Amino acid sequence: MRKPFLAGNWKMNLDRKGSLALAKSLREKCGSRTDREVGVCPPFVYLDEVVRALAGSKLRVGAQNCSDEIEGAFTGEVSARMLKDVGVSFVIVGHSERRHLYGESDELANRKVRQALVAGLDVILCVGELLAERDQGITERVVARQLTQGLKGVDEPDLARITIAYEPVWAIGTGRTATPEQAGEVHNYLRGVLAGLYTDATAAEVRIQYGGSVKPDNIASLMAASNVDGALVGGASLKLDSFLSIVEYK
Ligand code: PGA
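Each residue of the sequence shown is one higher than the one before, starting from 1 at the first, in the numbering used here.
Here is the structure:
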């Protein structure tokens, strides 16, 4: 059974006070839920405090990015080991904003995935096509490449620590969501790619989140789609009420 995993990606939003207030309210409202996994991904500088605010609850804290290096002269970078050290439990790798605004390649995403696993962090590996790629009919080719390259060198037992997030780039922050059918098609396809890379049984255990304009009013229909096991939520994770409605979808 794949337990639904709902994660809020705060991106470069909220301040210290707002981050802590949101974390504490979430703790109060859904901090002991065990039928669903719930996580938040604050900006780096607030991770330490948010981890402490949520300690002892079931809520998980993730980072939005990590370095592909272990340590050393890499100005401005934060290593997976440092994240682990402050109590972070997972990291988002290969988000489309990293790929398309900061030029991150599949190869870089793969190095980050491997560093995260070595450091003991779980990973949300993001894949997703641009609108032009969907229009050209190459969505499957693009996500298969991102998935295959992103998981290079990841051994079968470690797959249990990886969640895939399918985030069509044209749906992120645009208010334009993929229909449940569109999401389901790609999720089915991704599970097939995983089965090809590993085994059917291992692929069946991996959670595949959908991301891209997930809101309280579309979460239930997306979660009902084939092979959708959770959501990676941006804008709607910044307010208590909307994120809570998403977490509590029926
Ligand atoms: P959005 O962002 O929910 O604001 O579209 C999703 C994401 O980028 O993970």
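Virtual Cβ for every residue (Gly too), placed ideally from N, Cα, C. Remember, predicted model here, so these are calculated numbers, not experimental data.
Checklist line | Inside the segment 7-65 only - alpha helix (DSSP H) runs reaching at least 4 residues | finding: If we require 4 residues or more, the alpha helix (DSSP H) runs fully inside the segment 7-65 come out as 16-30, 44-54.
Next item on the list: Check T163 in the structure and name its three-state DSSP category.
Entry: Counting from 1 along the sequence shown, the entry for residue 163 is found at position 163. Reduced to three states, the DSSP call for T163 is strand.
Next item on the list: For V228, name the three-state secondary structure that DSSP assigns.
Entry: Position 228 of the sequence shown holds residue 228. DSSP places V228 in coil when its eight states are reduced to three.
Notebook entry, point to check: Just curious, the beta strand (DSSP E) that G211 is in, first and last residue?
Noted result: Working through the sequence shown from its first residue, we reach residue 211 at position 211. It spans 208-211 - the beta strand (DSSP E) in which G211 sits, taken as one unbroken run.
Notebook entry, point to check: Between which two residues does the beta strand (DSSP E) carrying I172 extend?
Noted result: As a first step, residue 172 is located in the sequence shown; it is residue number 172 there, counting from the start. Run containing I172: none; DSSP gives neither H nor E here.
Check: Taking C-alpha atoms, which residue in N188, K152, L244, Q136 lies nearest to R207?
Finding: The residue labelled residue 207 in the question sits at position 207 within the sequence shown. The option with the nearest alpha carbon to R207 is N188.
Notebook entry, point to check: What's the call for Q136, buried or exposed, on a 16-neighbour Cβ count within 10 Å?
Noted result: The residue given as residue 136 occupies position 136 in the sequence shown. Q136 comes out exposed.
Check: Can you tell me whether DSSP reads V193 as helix, strand or coil?
Finding: To locate residue 193, count along the sequence shown from 1; it is residue 193. Looking at V193 - three-state DSSP - the assignment turns out to be helix.
Next item on the list: Compute the distance between the beta-carbons of L159 and V127, then report whether it is under 7 Å.
Entry: Position 159 of the sequence shown, counted from the first residue, corresponds to residue 159. Position 127 of the sequence shown, counted from the first residue, corresponds to residue 127. At a Cβ-Cβ threshold of 7 Å, L159 and V127 do not count as neighbours.
Note to self: Just checking S213 against the ligand PGA - is the residue's beta carbon closer than 6 Å to any of the ligand's heavy atoms?
What the structure shows: The sequence position of residue 213 within the sequence shown is 213, counting from 1. The closest heavy atom of the ligand PGA lies less than 6 Å from the beta carbon of S213.
Next item on the list: Tell me whether L131 sits in a helix, a strand or coil according to DSSP, three-state version.
Entry: Taking the sequence shown and counting its residues from 1, the one referred to as residue 131 is at position 131. DSSP, read as helix, strand or coil, puts L131 in helix.
Item checked: Nearest to L121 (by Cα), restricted to the options G62, L20, T75 -> As a first step, residue 121 must be located in the sequence shown, where it is residue number 121. When only C-alpha atoms are compared, the closest one is G62.
Next item on the list: Kindly give me the distance between the Cβ atoms of A183 and V214, rounded to whole angstroms, as I take these residues to be in contact under 8 Å.
Entry: Your numbering for residue 183 matches position 183 in the sequence shown. Your numbering for residue 214 matches position 214 in the sequence shown. Actually they are not in contact, since the Cβ atoms of A183 and V214 sit about 10 Å apart, beyond 8 Å.
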